[in-house]
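A.B. asks: Mind looking over this structure? Questions follow.
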Amino acid sequence: MLNNEKIPVGVLGATGSVGQKFIELLSNHPWFEVTEVAASERSSGKKYKDAVNWILSTPLPKDVAELIVKECEPNLKSKIIFSGLDSSVAGPIEEAFAKEGYVVVSNSKNHRMDKDVPLLVPEINADHLELIKAQKYNGGCIVTNPNCSTIGLVLALKPLEDNFGLEAVNVVTMQALSGAGYPGVASLDTIDNVIPFISGEEPKLETEPLKILGKLSKGQIINNDIKISAQCNRVSVVDGHLECVQVKLKKKASIEEIKEAWKNFSAEPQKLNLPTAPLKPVHYFEEEKYPQPRIHRNLDKGMAASVGRLREDNLFDYKFVVLSHNTNRGAAGGALLCAELMKAKGLI
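Quick note, the sequence shown lines up with residues 0 to 347 if you use numbering that gives the first Met the number 0.
Okay, here's the thing in structure tokens:
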């Protein structure tokens, strides 16, 4: 039975890896409760427990296990929809739901760069939610979560941009296998190997931060003009994207000033005490071998960026390493935090 104090929500793409993460994170959530799951035609009509290959280490929630999987059509009773759909099908399905008055919070890439769709990282650009007022969806809307590697990067960059300004960024990623979904990359490709290419990833990492760090002006986003260069690699790590970052600042800053900027960084999700928000968006480590995926990916609910190895750079001004959990902060957890912000602002 639905707890009357909770908002019923549906999950699209519920049998996939991101959909499963949504269900895991929504289990026992104080504000939301999964009442409907939807997936492809081959899964519809089955009980969720019979349709899903549950790959997470936590048990499949019993109440969700018994739900009948529905088709991804806008006839669900839940008006709040989390989309973990594959990008090959997500675009038109999400639009169809929005046009029927649903609030769609999406982890898919399809609408991220639409002019009237917020590309939201709640600690960074909460004001971009104003964009949904311009959407022509009959009371519905689409809000998107950025690419998984983008989120860790912009959490580390935001305090630097605010305090010192950024001219240029170079980033080299070492991205976890779970970022490719399930079953993902073949084991013979990844064991004893690094794959120096992830389809479509570098353009996302070079463009998405410009929108996220952009300014809202007269109902539109003026993109930031930072120059960003990205190289993306797939490595044999289960969860946690590690990124080596070089930055050129507009204003001179000392190492201690930069560390203080990270340390003092806090934003609306922390002020509002949102359930999924980390206590601190950025954690800095002085130990020279930190951060590391296996040790730090679950820090602060798996929702914080872990930063370390700040030092001067011979080509840029400074360089450092940032780590974030790609399926918590970078996917379902980040989208859930977007929905929590929307509820706190009265948009849900």
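Note that beta-carbon positions come from the ideal geometry of N, C-alpha and C, so glycine has one too.
State buried or exposed for residue 31, treating a residue as buried only when at least 16 other CB atoms are found within 10 Å of its CB.
C.D. replies: Residue 31 should be labelled buried.
A.B. asks: So is residue 193 buried or exposed if we call it buried at 16+ other beta carbons inside 10 Å?
C.D. replies: Its Cβ having fewer than 16 others within 10 Å, residue 193 is exposed.
A.B. asks: If you draw a straight line from the C-alpha of residue 155 to the C-alpha of residue 176, how long is it?
C.D. replies: So the alpha carbons of these two residues sit roughly 22 Å apart.
A.B. asks: Kindly give me the distance between the Cβ atoms of residue 367 and residue 103, rounded to whole angstroms, as I take these residues to be in contact under 8 Å.
C.D. replies: Nothing about residue 367 can be reported from this structure: the residues present for the chain run from 0 to 347 only.
A.B. asks: Determine the DSSP secondary structure at residue 12, reduced to helix, strand or coil.
C.D. replies: Correct three-state label for residue 12: coil.
A.B. asks: How many Å lie between residue 137 and residue 97 at the Cα?
C.D. replies: Between residue 137 and residue 97, the C-alpha separation is close to 8 Å.
A.B. asks: Give the single residue among 61, 237, 318, 335 whose Cα lies nearest to the Cα of residue 292.
C.D. replies: With distances taken between Cα atoms, residue 292 lies closest to 237.
A.B. asks: Taking contact to mean at least 3 C-beta pairs separated by less than 8 Å, is the region 258–272 in contact with the region 280–289?
C.D. replies: Touching, per the Cβ criterion.
A.B. asks: Taking contact to mean at least 3 C-beta pairs separated by less than 8 Å, is the region 68–86 in contact with the region 14–23?
C.D. replies: Flag = yes, the region 68–86 and the region 14–23 touch.
A.B. asks: Restricting to Cα atoms, I'd like to know which of 46, 248, 75, 314 is closest to residue 164.
C.D. replies: Taking only the C-alpha atoms, the option nearest residue 164 is 248.
A.B. asks: Could you tell me the alpha carbon to alpha carbon distance between residue 131 and residue 143, rounded to whole angstroms?
C.D. replies: When rounded, the distance between both Cα atoms is 11 Å.
A.B. asks: Can you look up residue 178 in the DSSP assignment and give me helix, strand or coil?
C.D. replies: Residue 178 falls in the helix class under three-state DSSP.
A.B. asks: Report the start-end ranges of each alpha helix (DSSP H) in the region 145–226 that is 4 residues or longer and not cut off at the edges.
C.D. replies: DSSP runs (the alpha helix (DSSP H)) wholly in the region 145–226: 147–162, 186–189, 200–211.
A.B. asks: Can you list the alpha helix (DSSP H) stretches of 4 or more residues lying completely in the region 52–87, in chain order?
C.D. replies: Those alpha helix (DSSP H) runs which fall completely within the region 52–87 and span 4+ residues are 61–64.
A.B. asks: Residue 148: buried (16+ other C-beta within 10 angstroms of its C-beta) or exposed?
C.D. replies: Buried, because 16 or more other Cβ atoms sit within 10 Å of the Cβ of residue 148.
A.B. asks: Per DSSP, what kind of secondary structure is residue 290 in: helix, strand or coil?
C.D. replies: Looking at residue 290 - three-state DSSP - the assignment turns out to be coil, as it is neither helix nor strand.
A.B. asks: Does DSSP put residue 21 in a helix, a strand or coil?
C.D. replies: Reduced to three states, the DSSP call for residue 21 is helix.
A.B. asks: Classify residue 77: buried if its beta carbon has 16 or more other beta carbons within 10 angstroms, exposed otherwise.
C.D. replies: When all chains shown are included, residue 77 counts as buried.
A.B. asks: Considering residue 4, what are the terminal residues of the beta strand (DSSP E) in which it resides?
C.D. replies: No beta strand (DSSP E) holds residue 4; DSSP gives it neither H nor E.
A.B. asks: What whole-angstrom Cβ distance do residue 93 and residue 106 have, given they're in contact under 8 Å?
C.D. replies: In fact, because the Cβ distance is near 10 Å, the residues do not count as touching under 8 Å.
A.B. asks: Taking 8 Å as the threshold (C-beta atoms), are residue 245 and residue 314 in contact?
C.D. replies: Yes, the pair counts as a contact, with Cβ atoms nearer than the cut-off.
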